Each structure stands twice: as C-alpha cells, then as structure tokens.
Amino acid sequence: MRHQDPAEALNKDIISHFVLRLVYCRTCFCDFDQLIGTLFVYLPSREELRKWFLSMENTLFRYRFRLESPESQRLLMSEFQLPYKALPHSEFEAVKDKLSQVARSIGQSASVESVFFKVPFEEVPDLVASRRVFLSKGYAYVAMSQVVSLVVTQFRCNISKALVLTNRKWTATIKEQEKDRLTPIVEALSNAYFGPDYSQPNDATEISPKDIDQLARTSFPLCMRHMLEKVRHLKSYVHGLPLDQGAGLKLEDALTFWRSEFSQKVGSERFDKEYAYSIRHNYGKEGKRTDYTSYSCQKIISATPGVGDHHGCPYRHFGEENLRAALNNMGVGGNALEGILDKVKNRHYQLACTMTFEATHGVSCDTGINHPNQYFSESQKVLQAKNQTVQSQLST
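The number in the numbering used here is simply the position in the sequence shown, starting from 1, with 13 added.
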C-alpha cells in the first residue's frame, strides 16, 4: 500500500476494480469436457459471482475506510452526499445517558462521543445484532467510531446496482464489440485459479495406496478427510482427493486404490470399463489429455452440495455440532476450537481452515490455506522437519 508512485498504484487499483466488475457481473461458463471426472461439477451462477465480488469489495472498503481519520470519514460522507446528518446537540443531550449505558455495556469509555447519526435500525443490522447501538422507536444511534457499518451499507448498495447495469451493457453491446479482445479474458478470469499448479508434484514425496489412511490422519484437510471417509460408502468414482499426481500418487497406484474401493461394490469388469477411464482422464491420459487437479478452496466453498452429496467445504456446509465433532476427531479443542467456530460464524471459512492447520501442526501458516493440496504439502513439510529434528536430537 506504500507504493513509490501513489498515482500509478491508484490507477492500477481503479483499473483492477472495473476489470473485476466486468468479470463478476456475468455468468461463468466452463468447457463441458473439462468437467468430466472432476470432483465438483459446479457452474457458479451469476448471483454467486456477484455475491463473491460484493463480499470482497466490502471487506476492502471497510478496511480502507477505517484507516481514515474521523474528519476524513465525515468529508467522504459529505462528498458522496450520503443521507446522514449528525445528531443535533439538543437531541444528543436528551439521549446521552442511554448512549453512555450502551458504551459501558460494550466495554467502551464512560465518556460518550459527541458525534452520532440517527438512522433506521435496519440499515445497521450488524450493530443491532451485536447490541452496539442504542435503539429507540425504530431508530439506531450510531457513533462516529462505528459509522463504517453505516457507510458500507450504502457502498454495497451502490456496487450491487452498478453490477446490474454493467451486466446489461455487457450483454447488449460490450461482449460482441470486444469478442476478439476483452471477451475471452473476461470469460476466463472468473473461473481462474492463480495459485500454485498442483497438477504436477513439485517437492511432494511419492506415496502409495498403503500410505493413504495414515496421511489422511496427519496431513489431509478436513474436506478431504471427510471425502475419504464417505467415499467408501459411495458407488461412483470421485475425483479431487489430494491423492493425485499433485500429492505424489502415480496413475498405477491411483487405479489400484480406486479399484480396491469400488471393485467389491461394482465388480472388477465394470470398474475397468466405466471408472478406470475417468481416472486416466484426470491424469491426462484420455480425452483432451489435460492434467486436472482438485478444486481450489474458493470453488469448494462456492459449491452447493445436494442431499446425499459429500463434497463442499465442511466449514461452510457442516452444522455446528457436526463441525465441532469433526474438529474434535482431528484433536482440536479448547480455545482453538472456539476460535475456529467463531471464524465460521463470520463466514471466514479459509481462515477457519488455516487455524485448524495451525492447531493440529503447532506452527503458524502466514500464507493462509487456499487449496487442499497446499494444506497437504505444507503439512508434509512441517512433519518432515519435525522428524528431522527428532532424529538429529537422537543422534546427538
């Protein structure tokens, strides 16, 4: 954020915003052949794309707004002509005692801020839910220090309307006009993953089918532990466990593993005819001969599992009781467990997964978890480093 040339950084920031607005105002399409054999047959709807974009923009806006001084915040509200007026002094004095009570109840100083805004309570649902405002006759009294909740509501509303208008313009004119330039880029970006390529093993140790259960207990993220547990009760092939070439499992070993899981259910002959093709397809040996890898956290979180389905992100799709039990089975409890559940309640699912990694491995993960194979790879690095330390201590 401290760029040497602020004007250049600001220009890039503005351009990136409008590029993303183009990308996330529209429906994402995916090549059908690419979907064969993938774990999550998922086409995000236009509404899901917009929700994701709105959520990210709101988070960024909230962060930046809070960096400004109260004076700058008020100037910003005035510049954009937001329909909020500071509470007159006479009205402030009439409710001052009530405002002091609210301040004390949330652990703030007994002295009350002098600048408040009186707004319909439905405009600040987050503050109402956390009992951080004084309510009277359908109105909420919002302190200047909490005004970000008020402003971000207006911001979200404006961006939401802009996405609708952008989509109309895109569909009516821009898409056709830019069919040879912007359109291919825009239609690919919303389905793109820019993290490391996990379709090929980098520093992963080769694994064999006999290692999988042990690795699941030590190095699989919760979503993949759940999938491995449930896959033994399924009668169809499921791709996307971190058991592919990205984790070091060779094609022959993958076939051996899946055959052992399904041959008793469907028979060896049917497995060879129907399921082996999909496995070879995922390794780039059939069809388009493209290596596939399991979906990133973003796509897993966005998936919508149906009744009887077991894909998706446990932090998003599990109920609290089931999630608590699953985390307990991983050895997570106490304050760490409550912290993870708190992140889940606030819809920070990847942070919850990162905290799970830290709790089970005893190390920090500053980069955060963005992909199941990343979780697996980082886990293996930590465990190997611990083993080397132990061996070194024993040798001395």
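The beta carbon of each residue, even a glycine, is placed where N, CA and C say it ideally should be.
None of the values given here were measured: they were computed from a predicted structure.
| Asked | Found |
| --- | --- |
| Runs of beta strand (DSSP E) wholly within the stretch 146-199 (minimum 3 residues, chain order) | 147-149, 152-156 |
| Secondary structure of Pro57, DSSP reduced to three states | With a pLDDT of only 48 at Pro57, under the threshold of 50, the placement of this residue in the model should not be trusted, and no figure is reported. |
| Same chain, Cβ closer than 8 Å to Leu235, five either side skipped, listed in chain order | Pro327, Tyr328, Ala339, Leu340, Met343, Cys366, Thr369 |
| Residue range of the unbroken beta strand (DSSP E) whose run includes Phe129 | 129-133 |
| CA-to-CA distance, Leu354 to Met157, given in whole angstroms | 30 Å |
| Assigned secondary structure, Ala99 (DSSP; H/G/I helix, E/B strand, else coil) | strand |
| Cα-Cα separation between Glu81 and Ser91, rounded to whole angstroms | 14 Å |
| Backbone secondary structure at His30 - three-state DSSP | helix |
| Reduced DSSP category for Ser392 - H, G, I as helix; E, B as strand; rest coil | helix |
| Test item: CB-CB of Leu67 and Arg169 under 9 Å | yes |
| Buried versus exposed call for Gly347 [16 or more other C-beta atoms within 10 Å across all chains shown] | exposed |
| Span of the alpha helix (DSSP H) around Phe370 | 362-374 |
| Which listed residue (Leu140, Phe134, Leu176, Phe93) has its alpha carbon closest to that of Val36 | Leu176 |
| Rounded C-alpha distance that separates Leu254 from Asp226 | Low per-residue confidence applies at Leu254: pLDDT is 48, beneath 50, and the placement is therefore not dependable enough to give any value. |
| contact_flag[the stretch 134-151, the stretch 174-192] where n(CB pairs < 8 Å) is 3 or more | no |
| Asn342: first and last residue of the uninterrupted alpha helix (DSSP H) it sits in | 333-342 |
| Burial state of Lys356, where buried means 16 or more other Cβ atoms lie within 10 Å | buried |
| Helix, strand or coil at Ala398 according to DSSP, with G and I counted as helix | helix |
| Beta-carbon gap between Tyr76 and Met237 smaller than 9 Å | no |
| Limits of the unbroken alpha helix (DSSP H) element including Ala229 | 225-232 |
| Limits of the unbroken alpha helix (DSSP H) element including Asp18 | Asp18 -> no alpha helix (DSSP H), and no H or E assigned at all. |
| 8 Å contact criterion, which Gly151 and Pro133 should meet: CB distance rounded | 6 Å |
| Cβ-based burial, Thr402 [other Cβ within 10 Å; buried from 16] | exposed |
| Within 9 Å, strictly: CB atoms of Thr231 and Leu396 | yes |
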